[in-house]
Every structure is written in C-alpha cells, then in structure tokens.
Amino acid sequence: MAGEKSITFRVRRYQPQGTKGPYYQDYNVPYRDDEVVLDGLNYIKDQLDPTLTFRWSCRMGICGSCGMDVNGSPKLTCGTFIRDAGRGGVVQVDPLTSFNSIKDLVTDFDPFMDHFAHVKPWLIREKEKPVAQGEYLQYPEDLTAYRQQSLCINCTLCYAACPVFQGDDRFVGPASLAMALRYIRDTRDQGAEQRFERISTEHGIWECTFVGECSVVCPKEVDPAGAIQTLKLMATTRRMRKLLMPKSAPR
Amino acid sequence: MVEVREAVWKRHGGWWTHNRRYVSFMLREAGGSLSALYGIILLGLLVTYSQGASAYANYIAFLETPAMLVLQAVILFFVLAHALTWFYLIGKSQVVMSAYRAPPWTRVFGLMIVVFLAASVGVLYIVFGGL
Ligand code: SF4
Ligand code: FES
C-alpha cells in the first residue's frame, strides 16, 4: 500500500490481559484514493503493529464482520474510503458503540445473537409436510414482500446507531426486529403469533422511539426503522381484531 | 472456562450533539413534551372559562404577558420541529407500501405538509369565527 498521501489513524486499543483500560494509539498510514479504512487497518497490522486486532473477511460488504465506528459513525470499514473518512487529517476508529470490546476493535456479539435468536429467525410450520411432497412454493411477489428485510448481513451497525439500545440493552433492537418481520411476511411461515408474543412487548417494538438512525446507517437498505413501525401497525391491528372479532382468523 | 475481561464502550453524554439527525431526534422528543405542556395551557382556558368571565379574561391577559408570549413562541417552534421531523421520518421509513413498492419519500413528506397545512387552516377558520 504505497501511496503519495498519508493520514493519521487514531485507533482505540484494548488488551484484556493488560493493566490499563482502553487508550488511543496513532499510526501514520500512506493511502491512495481508492483505498478503504479496512485497507488502512490491514496496513497497520502488516507493516506497523501486528498486535492490532480487528475482524474482517469478505472485503465486499457481504460478511458483515468489519463494522466499526469511523469518526463516530458506524460503518463497514471495507466500504468506507479513507479519502472520505479523513476528518482534519485523522481517521478515528473505535469498536462499534454499545458493544463491549473483547480486544481492540473486536466486539462481543453475544448480546446481539441472543436478541436475534429471541425472534425465532427460522420458518415455523404448524405441521411439516413430508419431504417427498416437495418444497413449499412461492410466487415472485411473495418473495418481494420480505426480500428487503432478508438482505440483512448482521453487521450490527444499526445497533451501534440506536440510542435506545445504548440506554437499555434489553431492547430487542433493529436488525432482530426487522428479521421478525421478514419471517412474519413469508407466506411459508406460520409463526407470526409466537413472534408477536415475544416482540409486542415493553423491550420489543414498543421500546423503539423511532429515532430512524438505524435505517440511515444500514449498508443494505434493510430499513429496520420502517420494519419496526410496520410491526407496530400489525401488532395493533391484530390486537384490535382479537378484541372486536375474537373468532376471526389469526393471520 | 476462562473469564474474558471486556471494555464497556458507550457514547459519552452529549452524544446527540455530534450528528444533526440525533439533534433533530432530540428536538422531536422535546417538541412532544412541550406540546403536552401547551395542552395544559389550553386546558387552563377551559378551567377559567368554567369559573366565569372575569377569571377567563384574567387568564387571557396572563397569556398575553411578554413572558408567556415568548414561551408560546418557543413551544410553537418545537411543535413545528416535532411535526416536520416526523413527516421526514415517515417519508423515509414508510409503513404504507402500495403494492409492495414504497413511493419516494419526498412525495410522502409533501403529502404530510399539505395535510398539516389543510388541518391548520381548518382549525384557524373555526377558532377565528369562520363557523
Ligand atoms: S439491518 Fe442493516 S445495519 Fe442492521 S444488521 Fe442488518 S444489514 Fe446491518
Ligand atoms: S469485510 Fe465483509 S462486510 Fe466488510
């Protein structure tokens, strides 16, 4: 990564076995205009400081593992150009907000995975049909109904952007709730009732105050804020229907 | 099992000042509380009205004092900020999908403004003796 220009990377470091708490370390990084923040971090690791620890894999916005706070905003570092990120000659890189740091820029995803599992992100059938009868078929418009939410790559940028989750980590959170909508809208799924029992709660959809930042930072245009408002509308409609027409079909 | 020591990483207080969308969120929240306060001020009109003409006139005179006029102007600003930031969000995160395809946010935002203006004109017409 030999380049004409150089910039300071200010990286938040933390070693769990060390005696001191988190601290910032500056690195001088040469760069070209077509290089991204992840390239800069890899330059540091390869050329300057092999102890720097961070996650990445695909380098193309697919695996969702390279999310970090870049100058205070949650970003996929493989999709953020250094030339755009350098503010006042400094690129500050922190772990994603609201997640504890295990080491340097590596965060503990467990709280997210717990919330994710909570919404039952799989197809629920009342009764499975035998495999011999073939797959469950869908029309293209059935896929369109949930495609947007299915594009989520679990990068957790939306959690880092959410002040509600920062204030209360019991909040189920944007990506998990968007995933609940993805399965509720799937014509093959019959688990809407079970999911609403789990998400139409104080720490589920009703804790969202519609800040909207989750949808702004989402690199896949999943629009979790829109998904949560849709779920609020659906939950209310279901509740009213149960009250007014208790014998009507559940869906 | 080895216990892993983790570093807690949260935004510092004042986090919302660094991002204009967080600022607009805070304005919206403050606008919500202030519109509740304005509701109480309006309720005062009803209460004093029930107490007779002079109590009502005194309350109106109180609302016209400079301090109360400034307070109402501040509330108006926050309520407008509340409404506009909501309309912007509704346009951005659309619940209403027509045939699975959301209309452009500008159209939803524009529609909201039109409805808002029409409702305001309707209320002004009623309040200022149109009916
Ligand atoms: S909803 Fe968007 S920001 Fe959130 S985890 Fe999924 S892809 Fe990432
Ligand atoms: S490295 Fe896979 S999304 Fe960035």
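Read top to bottom, the protein sequences are chains X and Y. Note that the working numbering has the first sequence beginning at 1, numbered continuously upward. Note that the working numbering has the second sequence beginning at 1001, numbered continuously upward. Positions of the beta carbon are idealized from the N, C-alpha and C atoms, including for glycine.
1) Between which residues of its own chain and residue 60/X is the CB-CB distance below 8 Å, once the five residues before and five after are set aside?
2) Relative to the ligand SF4, is the shortest distance from any of its heavy atoms to the C-beta of residue 154/X smaller than 7 Å?
3) Whole-angstrom Cβ separation of residue 108/X and residue 54/X, contact assumed at under 8 Å?
4) List, in chain order, every chain Y residue whose beta-carbon is nearer than 7 Å to that of residue 166/X.
5) Tell me which residue opens and which closes the alpha helix (DSSP H) that residue 6/X is part of.
6) Across which residues does DSSP place residue 28/X in a beta bridge pair?
7) What does DSSP give as the partner residues of residue 69/X in its beta bridges?
8) Check distances from the C-beta atoms of the stretch 190-217 of chain X to those of chain Y and list, in chain order, the residues that come in under 8 Å.
9) Between the stretch 1013-1034 of chain Y and chain X, which residues of the former have a C-beta closer than 8 Å to a C-beta of the latter?
10) Is it the case that the Cβ atoms of residue 119/X and residue 7/X are separated by a distance below 8 Å?
11) Kindly examine the ligand SF4 and report whether one of its heavy atoms sits closer than 7 Å to the Cβ of residue 30/X.
12) Compare the C-beta of residue 54/X against all C-beta atoms of chain Y and say whether one is closer than 8 Å.
13) Which of the three DSSP states is assigned to residue 267/X in this structure?
14) My understanding is that residue 192/X touches residue 210/X, with C-beta atoms under 8 Å, so please give their C-beta distance in whole angstroms.
15) Exposed or buried, what is residue 33/X when buried is set at 16 or more other beta-carbons lying within 10 Å of its beta-carbon?
16) Can you give the Cα-Cα distance for residue 1017/Y and residue 244/X, rounded to whole angstroms?
17) Would you check if the stretch 1021-1029 of chain Y and the stretch 1051-1068 of chain Y touch, i.e. whether three or more CB-CB distances between them fall below 8 Å?
18) Cα separation between residue 65/X and residue 155/X?
19) Are the beta-carbon atoms of residue 177/X and residue 74/X separated by less than 8 Å?
20) Please specify which runs of the alpha helix (DSSP H), each continuous and at least 4 residues long, are wholly inside the stretch 1033-1108 of chain Y, giving them in chain order.
21) Residue 231/X: beta carbon under 7 Å from a heavy atom of the ligand FES?
22) Is residue 1089/Y close to chain X? Criterion is C-beta to C-beta, closer than 8 Å.
23) Can you give me the Cβ contacts of residue 1031/Y inside the same chain, cut-off strictly under 7 Å, excluding the 5 residues immediately before and after it?
24) Cutting at 7 Å between CB atoms, please list the residues of its own chain near residue 232/X, excluding the five before and the five after it.
25) Using a beta-carbon distance cut-off of less than 7 Å, what residues from the stretch 96-113 of chain X approach chain Y?
Put simply:
1) In the first sequence, the residue the question calls residue 60/X occupies position 60. Within the same chain, residue 60/X has close Cβ partners 78.
2) In the first sequence, the residue the question calls residue 154/X occupies position 154. Taken from the Cβ of residue 154/X, at least one heavy atom of the ligand SF4 lies inside 7 Å.
3) On the first sequence, residue 108/X is found 108 positions in, with the first residue counted as 1. On the first sequence, residue 54/X is found 54 positions in, with the first residue counted as 1. About 14 Å separates the two Cβ atoms, so there is no contact after all.
4) What you label residue 166/X is simply residue 166 of the first sequence in a count that begins at 1. Those within 7 Å of residue 166/X in chain Y are 1010 and 1011.
5) As a position in the first sequence, residue 6/X is number 6, starting the count at 1. Segment 5-13 is the beta strand (DSSP E) holding residue 6/X; no alpha helix (DSSP H) there.
6) Position 28 of the first sequence, counted from the first residue, corresponds to residue 28/X. Per DSSP, the beta bridge partners of residue 28/X are 8/X.
7) Here residue 69/X refers to the residue found at position 69 when the first sequence is read from its first residue. Partner(s): 74/X and 94/X.
8) Listed in chain order, the positions of the stretch 190-217 of chain X with a beta carbon within less than 8 Å of a beta carbon of chain Y are 209, 210, 211, 212, 213, 215 and 216.
9) The stretch 1013-1034 of chain Y vs chain X, Cβ under 8 Å: 1015, 1016, 1018, 1019, 1021, 1022, 1025 and 1029.
10) Stepping through the first sequence from its first residue, residue 119/X is reached at position 119. Stepping through the first sequence from its first residue, residue 7/X is reached at position 7. No. Outside cutoff.
11) As a first step, residue 30/X is located in the first sequence; it is residue number 30 there, counting from the start. No, since every heavy atom of the ligand SF4 falls outside the 7 Å radius drawn around the Cβ of residue 30/X.
12) The residue labelled residue 54/X in the question sits at position 54 within the first sequence. No, no contact with chain Y.
13) No information on residue 267/X is available, as it lies outside the stretch 1 to 251 that chain X covers here.
14) Along the first sequence, read from residue 1 onward, the residue named residue 192/X stands at position 192. Along the first sequence, read from residue 1 onward, the residue named residue 210/X stands at position 210. Contact flag wrong, Cβ pair sits at about 22 Å.
15) Against the first sequence, residue 33/X aligns to sequence position 33. Result: exposed.
16) In the second sequence, counting from the first residue as 1, residue 1017/Y sits at position 17. In the first sequence, counting from the first residue as 1, residue 244/X sits at position 244. Taking the straight line joining both Cα atoms gives about 46 Å.
17) Contact fails: fewer than three Cβ-Cβ distances are below 8 Å.
18) As a first step, residue 65/X is located in the first sequence; it is residue number 65 there, counting from the start. As a first step, residue 155/X is located in the first sequence; it is residue number 155 there, counting from the start. Going by C-alpha positions, residue 65/X is about 6 Å away from residue 155/X.
19) Here residue 177/X refers to the residue found at position 177 when the first sequence is read from its first residue. Here residue 74/X refers to the residue found at position 74 when the first sequence is read from its first residue. The answer is no: Cβ separation not under 8 Å.
20) The DSSP assignment places 1053-1063 and 1066-1092 as complete runs of the alpha helix (DSSP H) inside the stretch 1033-1108 of chain Y, in order along the chain (cut-off: 4 residues).
21) In the first sequence, residue 231/X corresponds to position 231, counting from 1. Because no heavy atom of the ligand FES lies under 7 Å away, the Cβ of residue 231/X does not count as near it: no.
22) Counting from 1 along the second sequence, the entry for residue 1089/Y is found at position 89. So yes, residue 1089/Y belongs to the interface.
23) What you label residue 1031/Y is simply residue 31 of the second sequence in a count that begins at 1. Hits under 7 Å: 1078, 1079, 1081 and 1082.
24) One-based indexing of the first sequence puts residue 232/X at position 232. Only residues of its own chain outside the window of five on either side were considered, and among them 205 have a CB closer than 7 Å to the CB of residue 232/X, listed in chain order.
25) For the stretch 96-113 of chain X, the residues whose beta carbon sits under 7 Å from a beta carbon of chain Y are, in order, 97, 98, 99, 100, 101, 102 and 108.
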